[in-house]
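The sequence shown maps to residues 1 to 257 in the UniProt record's numbering.
Ideal Cβ positions, reconstructed from N, Cα and C, are used throughout, including at glycine.
These numbers were taken from a predicted model, which means no experiment stands behind them.
Since the structure comes first, as structure tokens, the remarks are kept for the end.
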Amino acid sequence: MQRADRDRPAEALIAEAAVADVDGWGFDWLEGRATEERPGWGYAGLLAEAVAGAEVALDLDTGGGEVLGGCPRLARDQHVTEGWPPNVRRARELLGPRGVTVHDTAPGAPLPLADAAADLVTSRHPVAPDFPQIARVLAPGGQYLAQHVGPSSAFALIEAVHGPTTAAQRRGRHPADEAAAAEAAGLEILELREARLRMEFFDIGAVTWILRKCPWWVPGFSVETHRAQLLEVDRIIRRDGAFVAHSTRHLMRARKR
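Laid out in structure tokens, this is it:
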């Protein structure tokens with residue numbers, strides 16, 4: 001995106017982003033409009049190595065299958081779950097030709113595998129990891145490999161649009177809490193790494209789009225109800241050149257006892 005485009009009126013940028021496609025789990029629309037650092041551990045490479053050596057694997061909350069679809073080789077019997085219908089369709093289009101079973105699942109539903117059926121469960125940014133269910137479908141010695149969204153991710157932007165958050169909200173998704181939940185479910189933590197990553201948004205269209213893409217950031221968000229907040233963020237971007245926030249991520253690798 002050229003600087004001249006970023007100088008377009010806020011209303012035009014917001015209107016454009018309000019109708020842009022947000023299906024799937026790709027972020028190409030933000031190219032040139034926003035950046036986010038990536039953790040040093042390289043989850044895509046770790047995932048590719050893990051699924052290539054697995055017999056039965058389950059990828060949770062796969063989105064449109066974009067991350068798993070980038071792996072050169074998948075498990076012999078590869079399964080994925082996804083709960084949002086547009087993403088389910090995309091995942092079937094992308095992964096179905098590779099023999100992947102795509103399960104359309106509801107939030108909180110049991111995982112769609114039998115007890116001890118999998119030797120690997122993976123996820124990039126699971127919505128709400130259900131560790132008892134993960135432990136149930138893993139065979140003894142089977143592994144869980146995931147990159148989780150950590151606490152207070154993008155909260156500078158969330159608070160600019162939504163308003164102040166509570167201490168409990170800022171504590172949510174804490175790696176220590178999730179590790180304790182995993183261990184209580186019967187998993188042994190093998191690796192837990194954390195990263196804090198810089199995010200920059202260069203125009204208000206990028207902000208509008210990401211808030212539509214991630215509706216849990218600001219529940220009830222729309223360009224109509226939050227127009228005043230969007231225009232204030234636009235003012236900050238034009239003054240400072242970017243709106244800066246930070247995300248947190250943690251890598252978790254665990255084994256079924």
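Handout entry: For W209 and A4, the rounded distance between their alpha carbons
Key = Its pLDDT being 46, under 50, A4 is placed unreliably by the model, and the measurement read from it follows with that caveat. If I take the Cα positions, the gap works out to 19 Å.
Handout entry: Candidates G24, I204, H250, P126, of which the one nearest E191 by Cα
Key = With respect to the C-alpha of E191, the residue from G24, I204, H250, P126 having the closest C-alpha is H250.
Exercise for the section: Going by CA-CA distance only, name the one from A117, A18, T81 that's closest to A135. Expected result: A135 has its Cα closest to that of A117, out of A117, A18, T81.
Handout entry: Outcome for W25 when other beta-carbon atoms lying within 10 angstroms are tallied against a minimum of 16
Key = With at least 16 other beta carbons inside 10 angstroms of its own, W25 counts as buried.
Handout entry: Runs of alpha helix (DSSP H) wholly within the region 18 to 90 (minimum 4 residues, chain order)
Key = Qualifying alpha helix (DSSP H) stretches, in chain order: 43 to 52, 66 to 69.
Practice task
For the region 38 to 54 and the region 102 to 111, state whether three or more C-beta atom pairs, one from each stretch, are separated by less than 8 Å.
Solution key: No, they do not touch.
Problem - Extent of the continuous alpha helix (DSSP H) run through P175 - result: Boundaries of the alpha helix (DSSP H) harbouring P175: 175 to 184, taken from the DSSP string.
Practice task
Would you list, in sequence order, the uninterrupted beta strand (DSSP E) runs of no fewer than 3 residues that lie entirely inside the region 120 to 155?
Solution key: Taking 3 residues as the shortest admissible run, the region 120 to 155 contains the following complete beta strand (DSSP E) segments, listed from N- to C-terminal end: 138 to 149.
Handout entry: Cβ-heavy atom distance, G163 to the ligand NAP, below 7 Å
Key = Only the bare structure without any ligand can be found here, which leaves the ligand NAP out of the picture.
Practice task
Would you kindly work out how many angstroms separate the C-alpha atoms of A242 and I236, rounded to a whole number?
Solution key: The straight-line gap from Cα to Cα measures roughly 7 Å.
Exercise for the section: Could you name the residues that DSSP lists as bridge partners for Q213? Expected result: The question names Gln, yet the displayed sequence has Lys at residue 213. Bridge partners of K213: none, in fact.
Handout entry: Extent of the continuous beta strand (DSSP E) run through R255
Key = Start and end: 243 to 256.
Handout entry: 7 Å CB neighbourhood of Q2 in its chain, flanking five on each side removed
Key = At Q2, the pLDDT of 45 sits below 50, so the modelled position is not reliable; the number obtained from the coordinates is stated separately. The answer is none, since no qualifying residue turns up.
Handout entry: Outcome for L231 when other beta-carbon atoms lying within 10 angstroms are tallied against a minimum of 16
Key = Using a 10 angstroms sphere on the CB of L231, the tally of other CB atoms stays under 16, which defines it as exposed.
Exercise for the section: Alpha carbon to alpha carbon, how far is Q169 from W217? Give it in angstroms, no decimals. Expected result: Near 11 Å, if we compare the C-alpha coordinates of Q169 and W217.
Practice task
Could you tell me if S222 is buried or exposed, where buried requires 16 or more neighbouring beta carbons within 10 angstroms of its beta carbon?
Solution key: Exposed, by the Cβ-count rule.
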